[in-house]
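S.K.: Sharing a structure below in structure tokens format, with a few things to ask.
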């Protein structure tokens, strides 16, 4: 039933809150402005038009007063139908005044309220007996209650409660066994954004919530346009016993939704101000199909039963949602999610202040913006604010809990000064499982105890033996349907579905077999170890859990700790899959063999082990005991917490849980793996990053800093007890080539490992950057890239790097563009600065990029213009590609420019999911719409198209798979026209996991002007520990097949490339070698001329770049030098290049490298007395002529047409 509403605009006085009754015509009488009565009259009255005695009697009988038999706050006294006069009288106006204002007495008191309805000579009178409760003392607050929902599912869209651990705002226990306390039978039957408020009298609580169910299949678009107009309301006096649900319409008829209602008591009107977000639509848009935005609305109420007409509270022309208010001294502080970045520069939480709660936007002062971003969170919403209780263990602070809805869920921010805030993430906190937008409410010690007693805190802590074992199951000694616990804790498990024991293991058929473990196995567990030895059948179907410890609601996981071999990983979730905090190996378990899996969580550091070796680590902020508040009833072996998943087909022969994290040594000892090396490192402080260990291949690569002498390094490591190693840990060895290390256990066969060191010169630009676009202008190389390392790829800034030699790169001091709304310099964009590219025409430089466009709520492509490749750039005011053109892609992202050297026409390629391209306009600022086309023939295309031209062939490279996948790679197609047709040529760049190189993709390709030298610039996962949002940029050489003209597959390296300058046009250099061939480890004499006076000349041996050192040219630009060919060079045909560091002049000469002469002493070139592999001996220039004669041939650097 629709509740009654006051038809005034704003309740400006006490009398204005007296509500009218709806008459037969459906009209309602408005309360007159300024009609507040005086106490002396003890009555309130309205004048109206004639009616009959029968009407008066009926009207009197229809009157009602909410909670009249249990009065604890101001009453809403109903008005009369139109045409009837009404007057209220009170037998004790000092307790209940005739305007409904209540002053609680010292003892329960009965007051008679008399209403008189009249018209002319006719009157009708009715009495109401009101019981007014005695006033209570102002309570001391010594704890907190927390109401929240948990996610976008049918199970999550209910009201959950948690209680603080004593007077600690940062430590929480779930109540009601992690199950909902309140559910809805009205409207959509979904409940979100619960708000709790205590009455000013202190002993009444109201809970209001959004009526919305995304879990039932409602889209976000429909929820905004055709959503509910209602609030869901409950009332309580103890937070435990709640009234029946009230379903109350508050939003105006032209509203599309009613979101995130909250309230605050306004003592100037003796009523609550209830506020929420609604999108409003014009009278000419009854179906709500046009564009709109969210305003914050409000209405007033005394009893959460009858409400005034809604009014607009906040309207800034762009969306605002999720306001919450706190009062300190005489000032209200309001926190709001600024969805449209209206003047704040980011879609984030803002803080405002005012001394007038109901004042409109212009009367509030902005104190802080971008609160979440500045505190280091990802995108946040749903703030709830409160002051710490006196005596809170964390001190005197103000808290702002915010919902990081795309990541960790609720995060507590804190500041000591609410008026001059410095919001920071609390350093240590333990929130309940999966809280989403809710309310924290201070409570008394008695209220806190009642919550815990009535709704239940955590179950009793699970028992553990002296070693910390909670359970350890005996698969060899069990039989029948009982799996025996041998930890001594008596927690036997039940075998279901006919699974059988054999050969010391429990065999599961993948059908209905599984093991049901005891309930509440994780109660009060903070640190944990889970061990499982498992055999997975090669025919196992995905998805599946090896074990799942937690709860299942409605067939879906609802808080659990699980492990799977499908990309071997272990996750702790406090809700459904969206709350999983995962540690992953990044690749599947090998099937058809026994594997020992171990998961440890110590504090917030989680580690997974395979056969005793750590293969993944990460941060997990929840405790196992947070799952279900400790109450878990779906604890399984071989079964998922999701009913639709597959059962495990395989076998168990070990499973144990500890209430502590085992050490790495304990894990290794328990695995029985005597072939393992752990704690691998070098005694010398030369590592650029952690060693790269391939446990399957038994290989170790040490990535050392450039310039490290790899011939004398001392590897360190540990092994399982009883294993002897040769050479021993700490022994100095030559790691410039592979060294064999042999492990010999006390029993069983010996195992060999190989170790080597490589100079790690990548990434070429330091830090986290992705989607690199390489460009050449003049004698300088440039790279433009996505700033990475931000959740949701949320970087906002573009920088440019420049280099003269491809090796030494310098970043611009300031961003060349910032996509940050009003705080940036791209008018249309608010973030997601992605995947730029650049082109040149007529001396102007055109920088294309994608960003988030709030006007259309999607990624669009824009352009900025500069007179130099280094900027400054000026962005066009509007995006040029909106993805609403005649031909579209999945997203308008990843632009790439290409100017066809055959036709001179410039093109833009872009797209995600479906590749598209178009010719650019003559001014390069738009596309020619009639040329827009989709590209066919690109097998498995995902994104990142890039085009080059060479010798009559157009080469199109692009990325395959998801950027978050380690299998992200570069595909390749060719054509004889930019318009195709395109022929797929396979993959030319992919991961090299034995070097830790994963997710090689989103590339651009460079041809060095004046040469046929080509390089591919791409990103990969950062080393170590990178992922799809933590990526690094590197460069490797790219070559072409001389017969077909097609690109050869690229071998990704850690070394990257050697220096190569861009030659000055017209300059020539020469290089001569004194002999056509040389054995590895031996020396050659070289000479050259035509370089710049006094410049450093670097020698590099190709094809695999090997640095042979440098020499300084004399005043005439000539030099003579002796170079040693290191033992690491592979015998065969090579090219020696000399590169001038200042001039960029290069010269090359052919050299054949022969294998070492086994009979020659020191032939390997690395023994005592051998020349350094980078050593250069300079000979006097007077011998140059003789050397030239001896060589008999010399090469002048070639100039080739530039193809790009």
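Numbering (the numbering used here), first residue to last: 216 to 1419.
We put the CB at the ideal spot given by N, CA and C, even for glycine.
All values reported here derive from a predicted model rather than from experimental measurement.
Check residue 668 in the structure and name its three-state DSSP category.
M.R.: If DSSP states are grouped into helix, strand and coil, residue 668 belongs with the helices.
S.K.: Taking the beta strand (DSSP E) that residue 1330 falls in, what are its first and last residues?
M.R.: Careful: residue 1330 lies outside any beta strand (DSSP E) and carries neither H nor E.
S.K.: Measure from the alpha carbon of residue 288 to the alpha carbon of each residue in 363, 392, 519 and 854, then state which is nearest.
M.R.: Residue 288 has its Cα closest to that of 519, out of 363, 392, 519 and 854.
S.K.: Which residues does DSSP list as the beta-bridge partners of residue 810?
M.R.: Answer by DSSP bridge pairing, in chain order: 749.
S.K.: Indicate the three-state DSSP secondary structure (helix, strand or coil) for residue 281 in the structure shown.
M.R.: Residue 281: coil per DSSP, three-state reduction.
S.K.: In whole angstroms, what separates the C-alpha of residue 1372 from that of residue 1174?
M.R.: Taking the straight line joining both Cα atoms gives about 46 Å.
S.K.: Would you list, in sequence order, the uninterrupted beta strand (DSSP E) runs of no fewer than 3 residues that lie entirely inside the segment 384-441?
M.R.: Here the runs fully enclosed are 387-389, 406-413 and 420-426.
S.K.: For a quick check, are the C-beta atoms of residue 819 and residue 805 less than 7 Å apart?
M.R.: No, they are not a contact pair.
S.K.: Closest by CA to residue 189, which one among 271, 475 and 935?
M.R.: Residue 189 lies beyond the residue range present for the chain, which begins at 216 and ends at 1419; the question has no answer from this structure.
S.K.: How far does the beta strand (DSSP E) with residue 915 in it reach, from first residue to last?
M.R.: 914-919 is the extent of the beta strand (DSSP E) around residue 915.
S.K.: For residue 259, which three-state DSSP category applies?
M.R.: Interpretation of residue 259 is limited by its pLDDT of 42, a score under 50 that renders its predicted location unreliable; no figure is taken from the coordinates.
S.K.: Measure the CB-CB distance between residue 599 and residue 539 and report whether it falls below 7 Å.
M.R.: In contact: residue 599 and residue 539 (Cβ atoms closer than 7 Å).
S.K.: Please report the straight-line C-alpha distance between residue 802 and residue 891, rounded to a whole angstrom.
M.R.: Approximately 19 Å, taken between the alpha carbons.
S.K.: Where do the ends of the alpha helix (DSSP H) carrying residue 886 lie?
M.R.: Taken as a continuous stretch (DSSP letters only), the alpha helix (DSSP H) holding residue 886 covers 879-886.
S.K.: Touch check for the segment 1214-1227 and the segment 986-996: three-plus C-beta pairs under 8 Å?
M.R.: Yes, since at least three Cβ pairs between the segment 1214-1227 and the segment 986-996 fall closer than 8 Å, the two stretches touch.
S.K.: Buried or exposed, going by whether 16 or more other CB atoms sit within 10 Å of the CB of residue 787?
M.R.: The residue is buried, with at least 16 neighbouring Cβ atoms inside 10 Å.
S.K.: Would residue 573 be called buried (16 or more neighbouring beta carbons within 10 Å of its own) or exposed?
M.R.: When all chains shown are included, residue 573 counts as buried.
S.K.: Could you tell me the distance, in whole angstroms, from the CA atom of residue 1277 to the CA atom of residue 1226?
M.R.: Taking the straight line from one Cα to the other gives about 9 Å.
S.K.: Can you grab the Cα-Cα spacing for the pair residue 1135 / residue 1067, in whole Å?
M.R.: Their Cα atoms are separated by approximately 22 Å.
S.K.: Just to confirm my understanding: we take residue 656, look at its own chain, exclude 5 residues before and 5 after, and list those with CB closer than 6 Å. What are they?
M.R.: The answer, listed in chain order, is 360 and 411.
S.K.: For residue 922 and residue 1294, I'd like the C-alpha separation in whole angstroms.
M.R.: Whole-angstrom Cα-Cα distance: 24 Å.
S.K.: Would you say residue 884 and residue 766 are within 7 Å of each other, going by their C-beta atoms?
M.R.: No; because the gap between Cβ atoms is not below 7 Å, this pair is not in contact.
S.K.: Among residues of its own chain, excluding the 5 on either side of residue 755, which ones have a beta-carbon nearer than 6 Å to its beta-carbon?
M.R.: So the list reads 864, once near-sequence residues are dropped.
S.K.: So residue 587 is in the alpha helix (DSSP H); what residue range does that whole segment cover?
M.R.: Taken as a continuous stretch (DSSP letters only), the alpha helix (DSSP H) holding residue 587 covers 586-590.
S.K.: Going by the CB atoms, is the gap between residue 1211 and residue 1231 shorter than 7 Å?
M.R.: Result no, Cβ atoms of residue 1231 and residue 1211 do not sit closer than 7 Å.
S.K.: Kindly list the residues whose CB is nearer than 6 Å to the CB of residue 1417, restricted to its own chain and excluding five residues on each side of it in sequence; keep chain order.
M.R.: Unreliable placement is indicated for residue 1417, whose pLDDT of 31 sits below 50; the coordinate value is still reported in the next sentence. Closer than 6 Å at Cβ, skipping near neighbours: 1224.
S.K.: Should the segment 1032-1041 be called in touch with the segment 1116-1129, which here means at least 3 C-beta pairs below 8 Å?
M.R.: Contact fails: fewer than three Cβ-Cβ distances are below 8 Å.
S.K.: Can you tell which of 654, 783, 587 and 647 has its C-alpha closest to the C-alpha of residue 601?
M.R.: Nearest C-alpha to residue 601: 654.
S.K.: Quick one, which of 728, 1262 and 1234 has its alpha-carbon nearest residue 1165's?
M.R.: The shortest C-alpha separation from residue 1165 is found at 1262.
S.K.: Suppose the cutoff is 6 Å on Cβ atoms and the five residues either side in sequence are ignored; what does the same chain contact list for residue 1351 look like?
M.R.: Same-chain partners within the cutoff: 1316, 1364 and 1366.
S.K.: I'd like the list of long-range same chain contacts for residue 253, defined as Cβ closer than 7 Å, with 5 residues on each side in sequence excluded.
M.R.: In this prediction, residue 253 scores a pLDDT of 29, lower than 50, which makes its location untrustworthy; the coordinate-derived value is nonetheless stated afterwards. Cβ neighbours of residue 253 beyond the five flanking positions: none.
S.K.: Report the residue ranges of all beta strand (DSSP E) runs contained in full by the segment 820-878; include only those spanning at least 3 residues, in chain order.
M.R.: Correct list: 820-825, 828-834, 849-852 and 864-873.
S.K.: Identify the continuous beta strand (DSSP E) that holds residue 193 and give its terminal residues.
M.R.: The shown model of the chain, from 216 to 1419, leaves out residue 193, and the question about it has no answer.
S.K.: With the cut-off set at 7 Å, would you say residue 652 and residue 597 are in Cβ contact?
M.R.: Yes, Cβ-Cβ distance for residue 652 and residue 597 is below 7 Å.
S.K.: Restricting to Cα atoms, I'd like to know which of 627, 1209 and 633 is closest to residue 642.
M.R.: Looking at the Cα atoms, 627 is the closest of the given residues.
S.K.: Output the residue ranges of the alpha helix (DSSP H) runs that lie fully inside the segment 682-756 and measure 4 residues or longer, sorted by chain position.
M.R.: Here no run is fully enclosed.
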